[in-house]
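A.B. asks: After the C-alpha cells below, expect a handful of questions from me.
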Amino acid sequence: MPDARTTTYAQRLSRMIQIPTVSVDQQPAGDHFDHFHALLHELFPTLFRCCTCENLDGSFLLCWKGSGSDAPIMLMHHHDVVEAPGQWKYPPFSGTIAEDKLWGRGTLDTKSGLFAILQAAEELAVSGYTPRRDIWFFSDCCEETGGAGADRVSAGLQARGIRFAMVLDEGGMILPEPIGGAMGTYAMVGLGEKGSVDLQFTARSHGGHASTPGKNTPLVRLGKFMAAAEKSPLFDADISPAVCQMFRKLSQTMKQPLRFILGHPEFFKPLLLKLMPAVSNTAGAMLRTTLAFTMAHGSDGANVLPQEAWVVGNMRVSHHQGEASSIDAVRRLAEKYDIDTRVLRPGVMSPITSHQGEAFRLVERAVNAVFPGVITSPYLMTAATDCRFMSRVCDQCLRFAPFLISHEQMASVHGLNENIDLAALAPAVDFYRFIITEA
C-alpha cells in the first residue's frame, strides 16, 4: 500500500489528469484550460499568493521573488496534452488510480512534471521558505501544437532583459538499461534538441482520366522520391560531443568489448556510425538529420489522375549539418523527380548546453541526492520541447523529468494506456525541492 504522502500526491495529480486539456492546432485554448488554471490555484494556494502570475491565453508564467540578486532559474512543463483515441485499459481522462499506478493522458507528458514542480514549491512556501534567487515557473498550453506560447513568452522575457542561469524543462527520464548492454539505471538529461522543420513536396501534371494513365504521374513520382529518400544516405552522420559523453557514461555498466568501444567513442567513431543505427531508431537519429513522411494528398476522385499531389515530411535537423544544408540535400533529390520543395514551418535550432556547466552539475547533484545509485548521463534529444525557445534567454537549458519509468511506460507517451508509478511521485517532488533550495 502506498504511504499517506504518495496517496495524497496521486489524488492531487489525478484531478489534474481529469481535465482534458487537449490542444488543437490553429485553435485557441478552450474552457478546459481555464478550469485547469482554477484547479492549480486551489491545489497550490500558498505558492500562487507568493508569486506574481501572468495568464497568457491558456499558458501561465509565475515569478517567486528571491532574497538575492543572482540570475533567476526557470522550471517548466507544459499542461496541454494530445488526443487519446483507441481502447484504453482505463478511460484516458479518468485519472484512475489502480495497480499502484496513475493512469491517463498527461501522466507522463507532462502534467506529472508540472505537479511535482508546483508541489515542491508549495511545500516550501507553506514552510515560510524564501528562495535565494528568483524562481520562475512556466507552463505552456500549446506545446503539442508547435509551442507558440513558449515562443511568445521567451520573446517577451528577452525584451524585458531577463536572463536565466538555468532553464529545466521536460526531456529524458530515469530508465533502466537505456540502450542494450548498459545494465545500470540512468538519468538521461537532454543537453539540446534537433530542430524540427516541416516540408511540403509537390508533384504536378495535367491530370486526366485514370483509364488512360501515362508514366510518372504525380503520385508515382512522389512514391519514387520517398523511397529514394529513405534508401539514400541524404544526410551527413557524425557523433557530437554530447553523444560522445553519453557513450562514455553508458559504457560504465557494459561488458567488454562494448565497454571499451563506447568508452573511446572518438577512436571508434567509424565503427559506431555503422553500429548505432542498428541498435535502435533513436540511436541512429542522434547521428544525423532525419526525414519522416507524415501526410499526403492526391486527387479527390478514385478515377481521376491528380493535377497536383503532395506529401509532407517532418525533418529533424542535426546540429552538425544544420537546417539550410539539410533542406538543400533533400531539395536536390526532389528535383530529380520534378518535385517542388516548400518550407511550411522552419525549425528552431537550440544550442547544446555543456555537460560541464553549473546547471548540469546541479541536476546531477539532485539526482545523486534523491536517487542513490542512478548514473546521470547527458544525451541529445531527437524530439522537440518548449525549451528550444528559451535559448534566447538562457545559455544553460536542460531537458529532464525526474521520474523512474519503464520502457513500456515510455512507449505509452502519445500512445495507449499512458501511466506513471505512484512510487515515482514523491522522489520527483524531492528532486525539485533540491533544485529550488540549492540553486
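Mapping of the sequence shown onto this note's numbering: residues 1123 to 1561, in sequence order. Where a beta carbon is used, it is the ideal one built from N, C-alpha and C, also for glycine.
Taking 6 Å as the limit between beta carbons, can you name the residues of its chain near Gly1235, skipping five residues before and five after?
C.D. replies: Residue mapping note: residue 1235 aligns to position 113 of the sequence shown, counting from 1. Once the five neighbours on either side are set aside, the close Cβ partners of Gly1235 are His1199, Glu1292, Ala1523.
A.B. asks: Can you tell me whether Ala1414 is helix, strand or coil according to DSSP?
C.D. replies: Sequence index remark: in the sequence shown, residue 1414 carries index 292 (1-based). Strand, per DSSP.
A.B. asks: How many angstroms separate the CA atom of Cys1185 from the CA atom of Arg1274?
C.D. replies: Position 63 of the sequence shown, counted from the first residue, corresponds to residue 1185. Position 152 of the sequence shown, counted from the first residue, corresponds to residue 1274. For Cys1185 and Arg1274, the distance between alpha carbons rounds to 17 Å.
A.B. asks: Out of His1159, Ala1206, Arg1343, point me to the one whose CA is closest to Pro1214's CA.
C.D. replies: Within the sequence shown, residue 1214 is the residue found at index 92, counting from 1. When His1159, Ala1206, Arg1343 are compared, the shortest CA-CA separation from Pro1214 is found for Ala1206.
A.B. asks: Give the DSSP-derived three-state secondary structure of Cys1516 in the structure shown.
C.D. replies: Numbered from 1 along the sequence shown, position 394 holds the residue referred to as residue 1516. Looking at Cys1516 - three-state DSSP - the assignment turns out to be strand.
A.B. asks: Going by C-alpha to C-alpha distance, which of Pro1194, Leu1224, Ala1126 sits closest to Arg1137?
C.D. replies: To locate residue 1137, count along the sequence shown from 1; it is residue 15. Nearest option by C-alpha distance: Leu1224.
A.B. asks: Could you name the residues of the same chain whose beta carbon sits closer than 6 Å to that of Glu1486, not counting the 5 residues immediately before and after it, in chain order?
C.D. replies: Taking the sequence shown and counting its residues from 1, one reaches residue 1486 at position 364. Correct list, in chain order: Thr1498.
A.B. asks: Does the stretch 1502–1514 come close enough to the stretch 1343–1354 that 3 or more CB-CB pairs lie under 8 Å?
C.D. replies: no
A.B. asks: Kindly indicate which three-state DSSP category His1331 falls into: helix, strand or coil?
C.D. replies: Translated into positions along the sequence shown, residue 1331 becomes position 209. Note: His1331 maps to strand in three-state DSSP.
A.B. asks: According to DSSP, which residues form a beta bridge with Phe1260?
C.D. replies: Position 138 of the sequence shown holds residue 1260. Residue pairing of Phe1260 in beta bridges, as defined by DSSP: Leu1183, Met1198.
A.B. asks: Cα separation between Pro1253 and Gly1152?
C.D. replies: By 1-based counting over the sequence shown, the position of residue 1253 is 131. By 1-based counting over the sequence shown, the position of residue 1152 is 30. C-alpha separation (whole angstroms): 34 Å.
A.B. asks: Could you check whether the stretch 1533–1552 touches the stretch 1229–1249, counting it as contact only if at least three pairs of C-beta atoms, one from each stretch, sit closer than 8 Å?
C.D. replies: yes
A.B. asks: How many whole angstroms separate the CB atoms of Ala1243 and Ile1558, which I take to be in contact at a CB cut-off of 8 Å?
C.D. replies: If you number the sequence shown from 1, residue 1243 lands on position 121. If you number the sequence shown from 1, residue 1558 lands on position 436. About 6 Å separates the two Cβ atoms, so the contact holds.
A.B. asks: So, at 6 Å on beta carbons, what are the nonlocal neighbours of Val1535 in its own chain, with the 5 sequence-adjacent residues on each side left out?
C.D. replies: Locating residue 1535 in the sequence shown gives position 413, where the first residue counts as 1. Correct list, in chain order: Leu1230, Asp1231.
A.B. asks: Leaving out five residues before and five after Gly1271 in sequence, what residues of the same chain have Cβ atoms less than 6 Å from its Cβ?
C.D. replies: As a working mapping, residue 1271 is identified with position 149 in the sequence shown. Excluding sequence neighbours, Gly1271 sits near Ser1181, Asp1262, Cys1263, Cys1264.
A.B. asks: Tell me the rounded alpha-carbon separation between Ile1383 and Lys1396.
C.D. replies: If you number the sequence shown from 1, residue 1383 lands on position 261. If you number the sequence shown from 1, residue 1396 lands on position 274. Cα to Cα, Ile1383 sits roughly 13 Å from Lys1396.
A.B. asks: Starting from Leu1230, follow the alpha helix (DSSP H) in both directions and report where the run begins and ends.
C.D. replies: Position 108 of the sequence shown, counted from the start, is the residue given in the question as residue 1230. Per DSSP, Leu1230 belongs to no alpha helix (DSSP H) and is neither H nor E.
A.B. asks: Note the first and the last residue of the continuous beta strand (DSSP E) segment covering Tyr1308.
C.D. replies: Within the sequence shown, numbered from 1, the residue matching residue 1308 stands at position 186. It spans 1307–1315 - the beta strand (DSSP E) in which Tyr1308 sits, taken as one unbroken run.
A.B. asks: Just checking my contact of Tyr1212 with Ala1548 at CB under 8 Å: how many whole Å lie between their CB atoms?
C.D. replies: If you number the sequence shown from 1, residue 1212 lands on position 90. If you number the sequence shown from 1, residue 1548 lands on position 426. Rounded, the Cβ-Cβ distance is 22 Å, inconsistent with contact.
A.B. asks: Taking 8 Å as the cut-off, does the stretch 1327–1340 touch the stretch 1417–1434 (at least 3 CB pairs, one atom from each stretch)?
C.D. replies: yes
A.B. asks: With a 10 Å radius around its C-beta and 16 neighbouring C-beta atoms as the bar for buried, classify Gln1133 as buried or exposed.
C.D. replies: Here residue 1133 refers to the residue found at position 11 when the sequence shown is read from its first residue. Exposed, since its Cβ has fewer than 16 Cβ neighbours within 10 Å.
A.B. asks: On a CA-only basis, which of Thr1143, His1441, Thr1267 is nearest Gly1314? Give me that one, please.
C.D. replies: Along the sequence shown, one-based indexing puts residue 1314 at 192. The shortest Cα separation from Gly1314 among Thr1143, His1441, Thr1267 belongs to His1441.
A.B. asks: Taking the C-alpha atoms as reference points, what is the distance between Phe1155 and Phe1166?
C.D. replies: Numbered from its first residue, the sequence shown carries residue 1155 at position 33. Numbered from its first residue, the sequence shown carries residue 1166 at position 44. Distance between the alpha carbons of Phe1155 and Phe1166: 16 Å.
A.B. asks: For the 8 Å Cβ check, are there 3 or more pairs between the stretch 1472–1485 and the stretch 1443–1461?
C.D. replies: no
A.B. asks: Grouping DSSP H, G and I as helix and E and B as strand, with all else coil, what is His1529?
C.D. replies: Counting from 1 along the sequence shown, the entry for residue 1529 is found at position 407. Helix.
A.B. asks: Give every residue of the same chain whose Cβ lies closer than 7 Å to the Cβ of Ala1451, excluding the five residues on either side of it in the sequence, and list them in chain order.
C.D. replies: Position 329 of the sequence shown, counting from 1, holds the residue named residue 1451. So the qualifying residues of the chain are Leu1356, Phe1357.
A.B. asks: For Ile1257, which option in Tyr1308, Leu1197, Phe1369 has the closest C-alpha, if you only look at C-alpha atoms?
C.D. replies: Position 135 of the sequence shown, counted from the start, is the residue given in the question as residue 1257. It is Leu1197 whose Cα lies nearest to the Cα of Ile1257.
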